[in-house]
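Trainee:
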Amino acid sequence: MGSAMFEWVIILFLGSGLVYGLQSRRLQRRNISSPMMMVLTGMLVALPLGIWHSAPMDALSGSIHFATGFAEMTLAIILFLDAAVLDYRKESAARNIAIRLLLIGLPLTIGVTWAFIVGLDASIGLVPALILALIVSPTDAALGRPVLENKGVPEPVRQGINIESGLNDGLVLPVFTTAVLLEANLLSNGHQGWIAEAVLEISIGAVIGVVSGYVIGQVVNHAVKNRTIVARFERLLGVLAALFIFLLAEELGGNGFVAAFAGGLALNISSDKVKNAIESFGEAESELLTMLTFFVFGLIVVPALYESWTWTMLLFSIASLAVLRPLCVWICMIGSPYSLGEKLYIGWFGPRGIASVIYMLIMATMIDPGAFKPLFAAGTMIVCISVVAHGITAAPASRALVSYLARKS
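So the number in our numbering is just where the residue sits in the sequence shown, counting from 1, plus 295.
Following this line, the structure appears as structure tokens:
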């Protein structure tokens, strides 16, 4: 992609963002979310660039450095901010839902999804099946924003979904990285010490993250208390801290993503001022990151992989979204005081979005994408379906739950 063409791509992205923003209230009333708009825009922009007509995977391999460079920074920021602004002091009901979803529902979903993939197509291999299960398990609350904004939905339900979405990508990441390293090692008939190297890399990242997050938290406390920080720099604090911790860990031989997530948690716990300071990074800036991620997804990833889509992948995608996660959520919520309607609602709103996209882009730098087209294609299909399905159903399903609870009371 030449520099002139790249500039036009950026111009078209910014223009589409302006168009959506100016009509956002009207579009959202019609259940058209910004991720839906940006994926579609990216796919349309790809047409005149000839990306759709390239040989399979050519577009992805040619643009992988741009896509992954952006994706890595985005994921580091998202992991850090999700952990840093998490209000773990929320009412116990919301925490209890989140704990059930993260400690029981998430591992159960990964295991059931892995077993379903193996049963559907045993030729895919046990480790690749696990990698795909890990790619499609983290949820993305950005795809169901009306869920979080509808105050009629019980607070514990909304916040439980929000906390789950904020933490599950960080919890899955070390397992995902290890699984990809295992597959890469098996392919290359590598040495036996890869497990120790993987554990060391994750451990170094965690230590650097915790130490850096704690120190930055103490500094934030001091700065806010003594009013030495100007308001506009508070808006930059989260991004600066996230990228600082990420790049420091990578430079010192650790896993930067684990460091970013651990740093956000440590910063949150060590600083009682951090939530207000970092949250001023705000929804607007995080919305921009979300829009750009989905634009890149529609521009580069979808055109590179759509020819590899199969009916088996469609069956898997529908089962994962509409059967496997809802079933696992229902199981993990057994014994809780919530109605069947609330359990089904929580189970359905597990959109697959940014984390899944970025996991695939990161994987493409670790393993030859051409050798794992089915994994990338299946992950891409499930994100495409989720962007549309969860975007369209978020507001109506939230209103339906409110009506359902009103009839029960």
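Heads up, the beta-carbon is just placed ideally off N, CA and C, and yes, glycines get one too.
Between the alpha carbons of V475 and L481, how many angstroms are there, rounded?
Mentor: Distance between the alpha carbons of V475 and L481: 10 Å.
Trainee: Which of helix, strand or coil does DSSP assign to G549?
Mentor: In this structure, G549 counts as coil in the three-state DSSP scheme.
Trainee: Compare the beta carbon distance of V334 and F644 with 8 Å and say whether it is the shorter of the two.
Mentor: Taking 8 Å as the Cβ cut-off, V334 and F644 do not qualify as a contacting pair.
Trainee: Between the region 666-679 and the region 645-658, can you find at least three pairs of beta-carbon atoms closer than 8 Å?
Mentor: Verdict: yes, contact present.
Trainee: Between which residues of its own chain and V697 is the CB-CB distance below 8 Å, once the five residues before and five after are set aside?
Mentor: So the qualifying residues of the chain are N445, G447 and V448.
Trainee: In this structure, does DSSP put R395 in helix, strand or coil?
Mentor: Note: R395 maps to helix in three-state DSSP.
Trainee: Does DSSP classify L381 as helix, strand or coil?
Mentor: The answer is coil: DSSP assigns L381 none of H, G, I, E or B.
Trainee: Going by beta carbon distance, what residues of the same chain come within less than 7 Å of E267, once the five residues before and after it are set aside?
Mentor: Because the chain here runs from 296 to 704, residue 267 falls outside it and cannot be looked at.
Trainee: In this structure, does DSSP put A695 in helix, strand or coil?
Mentor: Note: A695 maps to helix in three-state DSSP.
Trainee: Should F552 and L425 be called a contact, given that it needs their Cβ atoms to be closer than 8 Å?
Mentor: Taking 8 Å as the Cβ cut-off, F552 and L425 do not qualify as a contacting pair.
Trainee: For the pair the region 462-479 and the region 654-665, tell me if three or more CB-CB distances fall below 8 Å.
Mentor: Touching, yes.
Trainee: Between M332, V413 and F365, which has its C-alpha nearest L611's C-alpha?
Mentor: A small fix is needed here, since residue 611 is Phe in this sequence, not Leu. Measuring from the Cα of F611, the nearest candidate turns out to be V413.
Trainee: Rounded to the nearest angstrom, what separates R702 and N457 at their Cα positions?
Mentor: Going from the Cα of R702 to the Cα of N457 covers about 26 Å.
Trainee: For the putative contact between L381 and N563, defined by C-beta atoms under 8 Å, what is the C-beta separation to the nearest angstrom?
Mentor: Going by Cβ atoms, the distance from L381 to N563 rounds to 6 Å, so yes, they are a contact pair.
Trainee: Leaving aside the five residues before and after P691 along the sequence, list all residues of the same chain whose C-beta is less than 8 Å from its C-beta, in chain order.
Mentor: Here the set comprises N326.
Trainee: Is it buried or exposed, K638, if we count other Cβ atoms within 10 angstroms and call 16 or more buried?
Mentor: With 16 or more other Cβ atoms within 10 Å, it is buried.
Trainee: Thinking C-alpha only, which one of G642, R694 and A673 is nearest T404?
Mentor: Selected option, being the one with the closest Cα: G642.
Trainee: Comparing C-alpha positions only, which one of N391, V514 and A672 sits nearest to I629?
Mentor: Nearest of N391, V514 and A672 to I629, Cα basis: N391.
Trainee: Taking T607 and D377 to be in contact with their CB atoms under 8 Å, please state how far apart those CB atoms are, rounded to whole angstroms.
Mentor: So it is not a contact: roughly 33 Å between Cβ atoms.
Trainee: Helix, strand or coil for R647, going by three-state DSSP, please let me know.
Mentor: Note: R647 maps to coil in three-state DSSP.
Trainee: Check Q318 in the structure and name its three-state DSSP category.
Mentor: The answer is coil: DSSP assigns Q318 none of H, G, I, E or B.
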